[in-house]
Amino acid sequence: MDCEKMEFPDNLFDIIFDGGTFSSIDLVKAYPELSRVLKPDGFLIGIETFGHNPFTNLKRKINKLIGKRTEWATAHIFR
0 MDCEKMEFPD NLFDIIFDGG TFSSIDLVKA YPELSRVLKP DGFLIGIETF GHNPFTNLKR
60 KINKLIGKRT EWATAHIFR
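The working numbering numbers the first residue of the sequence shown as 0 and each following residue consecutively.
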């Protein structure tokens with residue numbers, strides 16, 4: 000189901016949990032829809048992978064330009 004247009008009724012969920020997808024969805028469309036299906040006293044819990052972190056993105060661009068991978072990328076991509 001698309002989080003930008005869900006088939007759930009309003010105010011259905013006490014908790015909505017997101018595990019690392021906020022960086023790959025249209026937040027302008029998704030947040031109002033998540034708010035619609037979340038109860039007024041509910042919780043939206045999200046764990047993100049820094050997709051929108053400007054400092055992390057800058058470091059990634061610099062590393063790509065100079066041909067350097069981070070230690071994490073080397074350890075996890077080339078195992």
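Just so it is clear, CB atoms sit at the ideal spot from N, CA and C, and this is done for glycine as well. All of these numbers come straight from a predicted model, not from anything done at the bench.
Rounded to the nearest angstrom, what separates residue i and residue j at their Cα positions?
{"i": "Ile-15", "j": "Asp-40", "result": "12 Å"}
{"i": "Phe-54", "j": "Leu-64", "result": "15 Å"}
{"i": "Lys-67", "j": "Thr-20", "result": "26 Å"}
{"i": "Arg-78", "j": "Lys-60", "result": "With a pLDDT of 47 at Arg-78, under the threshold of 50, the predicted position of this residue should be treated as unreliable, though the coordinate-derived value follows. Answer to the nearest angstrom: the Cα atoms are 23 Å apart."}
Here's a check: name, in chain order, each residue in its chain whose Cβ is nearer than 7 Å to the Cβ of residue i, leaving out the five neighbours to either side.
{"i": "Leu-11", "result": "Val-36"}
Can you name, in chain order, every residue of its own chain whose Cβ lies under 6 Å from the Cβ of residue i, other than the five neighbours on each side?
{"i": "Gly-18", "result": "Ile-46"}
Just to confirm my understanding: we take residue i, look at its own chain, exclude 5 residues before and 5 after, and list those with CB closer than 8 Å. What are they?
{"i": "Glu-3", "result": "Ile-24, Asp-25, Lys-28, Ala-29, Glu-32"}
{"i": "Phe-42", "result": "Asp-13, Ile-14, Ile-15"}
**OP:** Count the CB pairs spanning the region 29 to 43 and the region 2 to 12 that are closer than 8 Å, and state whether there are at least three.
**Re:** Yes, the region 29 to 43 is in contact with the region 2 to 12.
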